[in-house]
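Residue numbers (the numbering used here), protein chains in the order written: chain F, 1 to 388; chain R, 1 to 388; chain B, 1 to 354; chain U, 1 to 354.
Even glycine gets a Cβ: it sits at the ideal position worked out from N, Cα and C.
Small disclaimer: the values here were computed from a predicted structure and weren't measured.
Notes follow once the structure below has been shown.
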């Protein structure tokens, strides 16, 4: 154990920091769940890629830098520290990307990853279907083989980014006789293909952060299949592991929220201290963000030495989603009567984006598998408790 | 709505207070889970009855005063306020008593209630069996009719007070063909009957607060049956309702604990305030004890006007058991390094009985039906959620 | 000692509940959100017709002369319906504030209170605990605090700047106005007392609505728990989902008596009215916030959308959390009471002597 | 940057775990409880034979010259086993305290540390954060704080009065003794520093044991969840019971890296060692306390008895909660750090520079 960065790691951090200082937009971009914001975020992805920071863990040939997971964490730390824009292509780079790296053919990697890194192709995820949310094996959308193509029919929902994205990925039932997690195939589908209809779903803040996708005999070539036919469940489980696990919610995000929360508390100390539990809650936000960071470094070190992520990705999911809720609830309690005000509205001076963050944090315990499901997984797979 | 006591109620309170001031032992009695303590508590019950305070809600003819539920609450308030001894016969007077009042024949009432009020006969409950704890319908102990007698065989467990008690009550399977909650009969059994064996179970503090009771062809007369043969489940449910509901955990108990907790906090303020959440926790103990009291008065008023207790007895059970745990945990956190010390041991000066209370509070979420079961009941019967 | 509502109180409650169920539906609320100003004169007229705007107006001004205890069940139902119109604040805060002015303002009281009772005029209250004034845009008369003074300011004499709440039903405004001798209706000791009472009444008004909101969110989530299927079963059949709702039910159940006691204390002007109101606001708010959190969880992703009705009620609960004193403020008040020398604690200390 | 233990560390951990599993069984602990003094010379001899008492003794005194990072996994296992012998405090607190004295005390150090390493002598520490001294009755030398001084007092010079802990494995004593020039081994600045380090080491020692206790209670409750049947099924198959345990697992899981970082910081004498130790003690204690609470719940009434083994571990968790600084004390320290001007917070601030 040696909890200090190497000189090379320090140098990498300095390079990232310098580039971000030069390039991060001075003003926050509008939400990527608006048309303009989406476009501006896509531009930002292009710029990131110009600095070769699109996805630093990928091989150089595919637009990355071949960084290991520790360097990835350093990159993320600098990224959040700089207040850089949220990653509009997170479904691509954090979820599909690692899956492609593991299950994709060389041709698929070369076809998809570079355009993912540049933001030229933005990805939506297509995990859920009506009545198949946390129960992903209840998939009913089907893909029927027809020569060199699959013909896809059915419906996906809760597809984040789908309103303006270019592609989606998901699992489809290729064996009509199959049930549950057998007979499924992982397929990549362009959202501009004939037969695809996207219906935006307005979320709590009114913006269309997700959508339903309807497939009406959509033809996609067999090359768009990731992994073997019928093995889609395994491919999807790997992707979901990435989602719950290391990539999607990097600790830097929560450390920066905790830092801002400490600042908010210090700036509003007189009002905040009327409730003595606020100080403790703020202190705990810092402790928990640290714990999450330390845990992530421990996992990353283990993975670098050849370990695998197991059921602890479920403990991660619960921990960060509850931390995120707790931090934002604490912030709102510090803001008191101003907490209900939207950013930039009259009387909300200086309140910032805590309300938006609070609303977003409400989704944390639900997506990527509800926390109830994660607790089942922990109990049954990590602790070995009897199945129902 | 009129939230003030009548003159008559004030007068009753004054009478109770005066009598208790005269009669409550100056020193706390030893635990009734010791042989000496049990005897002294029995003596106390006798004395209480001399003041006609054995069970004030019972008719005068049976040793009571015919008080209504508001007067009962007033009595309890004064009782806890005076620091009077715990009721060693609580299984009798609070659980079996009301059940006898509802289901007993006149002969049974006359036979059992007066001796219950005097403490001449102390009762143990015999609810649970191995593998029939929260699932009371899984009863296997049987009672076979033989002329004017039932012949009882089987085993009960978690029988509180059984080590030194005189009688027990419980349900027994009288129809060998029956299953679950059918074919059960509620029977009263003297613990000195031939064939009864009591095995003490040491609890967390090492004292035998409960016991297993083994029945080996124990003969009891049919007159000891409460309610009709085969209707034991209904009789037991009424009793369990009393247990979870109004009687067993009267609000005064928690109000006095909250008052002592406030005092403990005030006496140890410098040490306690190092943790700013302690003040809040103490304040909440008071709020919750008040809420429980107000709620109980509301229920009592409703019952006096002819209402019935329903699934809200389950909300009561959860509320008081969690309140009791929270208050004792808070007390221990105020005591800090001294919290682990047993009363009267070296270095524990002034710590009092918080540790004992903490240990006892651990049982709260379990007995009288675990809080998990209570939550099921609330969800299914009070909220009408779908059954599994 | 009797902790039950009268048959009259219960009957009026039933009829108002019926009205709200039929008229103030989620669809009607979504419709109001689309309107400029977000309010409906027709609906206000109906509420007045039911006698609701007249409830706490003294009989001498054409009102019913009732009190907080008579209205608390109705306030709960207004929360249950998430009624956007400011009925609860009008009845529980604005009218008692105006009616509480000294006798020299009888003419002002008569002029406005009779019109409030009949539904012709509306009031808004600007209080230091709320940085913005709710429903100032539809008020004919604004009661505005200034230092320890209270001013009665006609709508024509104020300028409004609209803000925006997370709850589209809330309409909040910064009010620009100039205090003058002509507008001042109270000051000094009586101004402070009236402001303090307004805060307690406001807290009580929020508490009642929060408990109603909590109950509504339970009902919505329980209904949805039959609809949403996972692993082939209604999600409501899963124990973890049941317990999410049971936990809310316990909190809501144990807020009820606290709320009603606070209403009783307010109605009788008891010494413990302020502490009782704070207690009620804390626990009812917590019940509503937990109902929101667990309600989303029962809904799954659907709970995060604008499409299901849950958010109408969640957002109201979040918004009312900070109104009329934050939980921090109210907890501090209760703490000061509990930790004071000679505080009446322990068994038998709950109710004030007659 | 490497957050893994070495193969040597892991291998030693495995062998010690094996020893404890076989020798320090619940039956063995219950047996110790019956003995006068509650300790076993044989067991202590075995621990010494394994090299455990020598671990942090400097090599010059016949020890292994290892540090907190080398011992932390073993300390966790001692918690997992609820080992009654004071091995963890000896290795992590008492030995470093004695070894940390100024050079003028080399003879004292040599005399005692070589005997501690070989198992011939035992130490006890009296520190202001603990009102009583644990295991004073078996100590040959007591290191006792007095103001900012530290005294090394042979057993013959103290009188003991036994107290009684909720945990029958704990043996606590009030120590009556007379400080003198002859016994004083540190004072002033260095006395304060050594006392502060002892507190941090004690907190770390508790944290490691608490995490082990939490894991043990999870294992015991999970095992029991197969045995206990209700409604015809193992209770562990009920979702609510599963979630009770999952919640503990999350807390325990997220204490691990915090604990190991604290051990690293202590071993390297980093500036953040005190805060890291406080953080570890807080979260590991909370994991253990939740494991106790939920462990009882999974056991049902059986969890409330002396008969099942759960209470051996619960009581230890409850007792260690208050030892070497309460949670309140440690939270206050972390708070002071976080809220200080210029505190190193945010992304990238977690690890100290080389």
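- Contact annotation: residue 158 of chain F and residue 301 of chain B have beta-carbon atoms nearer than 7 Å.
- With a contact defined as Cβ atoms closer than 8 Å, residue 382 of chain R and residue 249 of chain B qualify at about 6 Å.
- Inter-residue distance for residue 183 of chain U and residue 148 of chain U is about 14 Å (C-alpha atoms, whole angstroms).
- Here the region 39-57 of chain B makes contact with the region 77-91 of chain B; the two share three or more CB pairs at distances below 8 Å.
- Residue 64 of chain B and residue 51 of chain B do touch by the CB rule: their CB atoms are close to 6 Å apart, below 8 Å.
- Distance check between residue 196 of chain R and each of R:165, R:205, R:90 and R:202 places R:165 closest, using alpha-carbon atoms only.
- For the region 54-75 of chain U, the set of residues with a beta-carbon nearer than 7 Å to any beta-carbon of chain F comprises 69, in chain order.
- Counting along the chain, no alpha helix (DSSP H) covers residue 150 of chain R; the unbroken beta strand (DSSP E) around it starts and ends at 149-160.
- In this structure, DSSP gives residue 190 of chain F an extended state, which the three-state scheme calls strand.
- The DSSP-derived three-state label of residue 315 of chain F is helix.
- A direct Cα-Cα distance of roughly 15 Å separates residue 325 of chain F from residue 286 of chain B.
- Separation of residue 265 of chain U and residue 167 of chain U (C-alpha to C-alpha, rounded to the nearest whole angstrom) is 30 Å.
- Between residue 320 of chain R and chain B, the shortest Cβ-Cβ separation is not below 7 Å.
- Rounded to whole angstroms, the separation of the alpha carbons of residue 317 of chain F and residue 350 of chain F is 31 Å.
- By the rule that beta-carbons nearer than 7 Å mark a contact, residue 388 of chain F touches chain U.
- The C-beta of residue 33 of chain U has fewer than 16 other C-beta atoms within 10 Å across all chains shown, which makes the residue exposed.
- Cβ neighbours of residue 192 of chain R within its own chain (closer than 8 Å, five residues either side excluded): 166.
- Three or more Cβ pairs closer than 8 Å define a contact, and the region 220-232 of chain F falls short of that threshold against the region 260-267 of chain F.
- Look at residue 201 of chain F here: in three-state DSSP terms it is strand.
- Rounded to the nearest whole angstrom, the C-alpha separation of residue 387 of chain R and residue 31 of chain F is 42 Å.
- Within a 10 Å sphere around the beta-carbon of residue 308 of chain F sit fewer than 16 other beta-carbons, which makes this residue exposed.
- In terms of beta-carbon proximity, residue 322 of chain B lines the interface with chain F, with at least one pair separated by less than 7 Å.
- Looking at the DSSP output, residue 146 of chain B shares a beta bridge with B:149.
- Chain-ordered, the chain U residues with CB closer than 9 Å to the CB of residue 5 of chain F read 1, 351, 353 and 354.
- As DSSP reads the structure, residue 162 of chain U sits in a beta bridge with U:173.
- By the neighbour-count definition (other C-beta atoms within 10 Å, threshold 16), residue 60 of chain U is an exposed residue.
- Residue 287 of chain R places its beta carbon 7 Å or farther from that of residue 257 of chain B.
- Of the candidates F:122, F:365, F:253 and F:201, F:122 places its Cα closest to the Cα of residue 38 of chain F.
- Within chain F, the C-beta atoms nearer than 7 Å to that of residue 304 of chain B come from 203, 204, 362, 363 and 366, in chain order.
- Residues of chain F whose Cβ lies closer than 8 Å to the Cβ of residue 279 of chain R are, in chain order, 276.
- Boundaries of the beta strand (DSSP E) around residue 168 of chain R: 167-173.
- Residue 332 of chain B belongs to the set of residues whose beta carbon lies under 7 Å from a beta carbon in chain F.
- Taken in chain order, the members of the region 154-168 of chain U whose beta-carbon sits within less than 9 Å of a beta-carbon on chain R are 161, 162, 163, 164, 165, 166, 167 and 168.
- A Cβ of chain F is located within less than 7 Å of the beta carbon of residue 261 of chain U.
- Beyond the five residues adjoining it in sequence on each side, residue 218 of chain B comes within less than 8 Å, by CB distance, of 245, 248, 249, 252, 291 and 295 in the same chain, given in chain order.
- Setting aside the 5 residues that flank it on each side, residue 223 of chain R has no residue in the same chain whose C-beta is closer than 6 Å to its C-beta.
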